[in-house]
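Written out below as structure tokens is the structure these notes cover.
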Amino acid sequence: MQQLVILGAGTAGTMMANHLRKKVDLREWKITIVDQYPKHYYQPGFLFMPFGLYSENDVVKQKREFIPEGVQYIEAKVDRIEPEANQLVLHSGMTLPYNILIIATGSKTAPGQTEGLLGDDWRKRVFDFYTFEGAVALREALKNWKGGRLVVHITELPIKCPVAPLEFTFLADWWLTERGLRDKTELTYVTPLTGPFTKPICSDVMGHLLTEKKVRTVTEFNIARVDNENHKIVSWDDKEVPYDLLVTIPTNMGDEVIERSGFGDELNFVPTDKNTLQSKVKENIFVIGDATDLPASKAGSVAHFESEVLTKNILHYMKGEPLEADFDGHANCYIESGYNKAFLIDFNYDLQPVPGTFPLPGIGPFSLLKETHINHLGKLAFRWIYWNVLLKAKPMPGIDHKMSRTGKHIPQEILAAEAVH
Amino acid sequence: MAQKQINGTTIDVNDEGYMTNHSQWNKVIAATIAEEEGITLTPAHWRVLDFIDHDFQEKGVVPGMRRMNKVGGIPTKDLYELFPNGPIKKAAKISGYPKPASCV
Ligand SMILES: Cc1cc2nc3c(=O)[nH]c(=O)nc-3n(C[C@H](O)[C@H](O)[C@H](O)COP(=O)(O)OP(=O)(O)OC[C@H]3O[C@@H](n4cnc5c(N)ncnc54)[C@H](O)[C@@H]3O)c2cc1C
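So the protein sequences, as listed, match chains A and B. With this note's numbering, the residue at position 73 of the first sequence is 73, and numbering never jumps. Just add 1000 to the spot in the second sequence (first one is 1) and you have this note's numbering.
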């Protein structure tokens, strides 16, 4: 019997277990999935929790519920991967051999990376919403908010779901307005980037919206430390932003298991081929989701598109066939903008987000890079789709893992630049 | 694409002054670009520039701040002192490499 092991039963690992269970010959291959924790969190829901829009019940289920029959589930912390020995070493010291390994260990916040972030103000005036505990604590803090300086801050990139801090800012503006607190609150958005988002056209649109909503934006701010005593963040070039409430996105890093295994980059992300999803560590190791070092967004939608390509490539690899260089960096993200409206962006390695309709060209029902109520309904539907379609690896009719250019209004300058390359 | 004269040599640059053909780069050109940015190169600067050069040859991208710290052993504070107002941007420009996507 050959062994296929999936490390990590989060979004991406669970999808792979469900895909492979249907496709792999289980008389020849035994599939095992390992994760350290029992709970599966719907992380996109963390955005809504601080405003009381989602509760704990909306975002937590048991991991085991989503692991199909025929796949062995082991709850254990993995200490390290030994590529030369083709085995995992569990925290208990037990070893788990594999013929094929899929790494799906995700990324997580690392607040300890910033001086002072875990100081006296932590969870008193300084919060994050990228963890379940953080989102809950922030909800309690907002209940007591009377006004003052509310600062939303990104420490460094990459972060998972890079639009989430913008969404948080828009929702905060709405929430404060509804409660009659907006006039008493100075809302500031602080980013290390030169603009609100990584991609130029989308960044412009978001910049206008921030201005419209009277959010002060501080760009190119690279945090050196949190000054807990005087309640301000200080940059390396000595710029200061004072806060009464700081909502920060700490540094995001891959799991320490990658560092202990000796092959991660400086943020513990795994070197991965950006089109085949094979690791650069060894040919029988593949990587999916937030754990990769790909220049793609770290998002559940990306993990979904990757899972379709990776399933094909695992089957190819089992048969000794060449891999398909088929992943194009496709991402599809809603940007919640408050007042029951949202944007939608659809892009890949080569094409940045542009206006248009999705998924049906000219029809939609969703509008790209435009604020609509229907997009907001799409964002809300995403939770149901996540639990019932994506995790279970059921097909999403009409949405291919390859980004479609039809239905997109691609500006002349972009087409001209593409023609040169 | 624009061109620029430095000490009698012609170099290709983009509209922000980043060199587009690294084979045209040499230490004299580096020193001249540095002067334009208000920086006089010292051995401490060269340690940074050499690391960027070495790392770019290996990885094909300009290293970010965290990589400079962890792999290059150069603390962030030093980088800000050596190359004020956006150390990576400036160091990349002086090294003759493209402007990095992350924009420190
Ligand atoms: C606030 C927020 C909002 C978001 N919004 C969106 C959105 O709107 N749309 C979208 O598409 N995406 C969104 N995302 C991103 C999305 O949640 C992630 O990209 C996705 O969950 C990544 O899946 P993953 O499987 O790679 O990692 P995860 O789901 O995080 O799973 C990693 C798993 O590996 C396990 N693991 C790690 N190390 C070990 C070890 N040593 N031993 C054993 N087990 C280990 C962990 O326990 C975990 O279960 C959001 C994320 C956040 C935080």
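Using N, Cα and C, we set each Cβ at its ideal position, and we do this for glycine too.
Note down, in chain order, every chain B residue with its Cβ under 7 Å from the Cβ of residue 166(A). Result: empty, since nearest Cβ-Cβ is about 17 Å, beyond 7 Å.
With a threshold of 8 Å between beta carbons, is residue 1071(B) in contact with chain A? yes
Between residue 267(A) and chain B, is the shortest Cβ-Cβ distance under 8 Å, so that the two count as touching? It does: the Cβ of residue 267(A) has a partner Cβ on chain B nearer than 8 Å.
Is there a Cβ from chain A that is less than 8 Å from the Cβ of residue 1066(B)? yes
Taking residue 81(A) as part of the beta strand (DSSP E), name the residues at either end of that continuous run. 78-82 is the span of the beta strand (DSSP E), which, as asked, contains residue 81(A).
Touch check for the segment 21-36 of chain A and the segment 77-89 of chain A: three-plus C-beta pairs under 8 Å? Touching, yes.
Opposing strand residues paired with residue 364(A) [DSSP bridges]: DSSP output for residue 364(A) lists 360(A) as bridge partner(s).
Within the same chain, show all residues whose beta-carbon is closer than 7 Å to that of residue 60(A), passing over the 5 residues directly before and after it, in chain order. 39, 41
I'd like to know whether the C-beta of residue 384(A) is nearer than 8 Å to at least one C-beta of chain B. no
Could you tell me which residues DSSP puts in a beta bridge with residue 1010(B)? 1005(B)
Going by the DSSP bridge assignment, what does residue 146(A) pair with across the sheet? Answer is none; residue 146(A) lacks a bridge partner.
Determine, using beta carbons only, whether residue 269(A) and residue 291(A) come nearer to each other than 8 Å. yes
Within the chosen definition, does the segment 2-11 of chain A reach the segment 99-113 of chain A through at least 3 CB pairs nearer than 8 Å? yes
Measuring from the CB of residue 381(A), is there a heavy atom of ligand 1 at a distance below 7 Å? Residue 381(A): no, Cβ never under 7 Å from ligand 1.
On the three-state DSSP scale, how would you describe residue 195(A)? coil
Residue 156(A) versus residue 220(A): straight-line alpha-carbon distance, rounded: 10 Å
Nearest-angstrom Cα separation, counted from residue 273(A) out to residue 324(A): 11 Å
Can you pull the chain A residues whose beta carbon is under 9 Å from the beta carbon of residue 1084(B), in chain order? 237
Can you name the residues of chain A whose CB is closer than 7 Å to the CB of residue 1080(B)? Correct list: 236, 237.
Which of helix, strand or coil DSSP assigns to residue 186(A): The answer is strand: DSSP assigns residue 186(A) an E or B state.
Could you tell me which chain A residues have their CB closer than 9 Å to the CB of residue 1076(B), listed as they occur along the chain? 222, 224, 236
Collapsed DSSP secondary structure at residue 43(A) in the structure displayed: helix
Mapping DSSP to helix, strand and coil, what is residue 407(A)? Under the three-state reduction of DSSP, residue 407(A) is assigned to coil, being neither helix nor strand.
Please report the straight-line C-alpha distance between residue 200(A) and residue 352(A), rounded to a whole angstrom. Just so you know, the alpha carbons of residue 200(A) and residue 352(A) end up roughly 8 Å apart.
Does any heavy atom of ligand 1 sit closer than 7 Å to the C-beta of residue 343(A)? False, no ligand heavy atom lies under 7 Å from that Cβ.
What is the rounded straight-line gap between the Cα of residue 279(A) and the Cα of residue 55(A)? 38 Å
Could you say which of 1034(B), 1052(B), 1011(B) lies nearest to residue 1020(B) if we only look at CA atoms? 1011(B)
According to DSSP, is residue 268(A) part of a helix, a strand, or is it coil? Residue state, collapsed to three classes: coil.
Quick check: the segment 239-253 of chain A against the segment 131-151 of chain A, are at least 3 beta-carbon pairs closer than 8 Å? Under the 8 Å Cβ criterion, the segment 131-151 of chain A counts as touching the segment 239-253 of chain A, having at least three qualifying pairs.
Since residue 190(A) contacts residue 153(A) with CB under 8 Å, what's their CB separation in whole angstroms? About 4 Å; that satisfies the 8 Å criterion.
For residue 426(A), does the three-state DSSP call read helix, strand or coil? One cannot answer for residue 426(A) here, as it falls past the ends of chain A, which runs 1 to 421.
Residue 301(A): CB within 7 Å of a non-hydrogen atom of ligand 1: yes
In or out: residue 236(A) buried (at least 16 other Cβ within 10 Å) or exposed? buried
Please state the DSSP three-state secondary structure of residue 133(A). helix
Quick one: Cα of residue 359(A) to Cα of residue 379(A), how far? 14 Å
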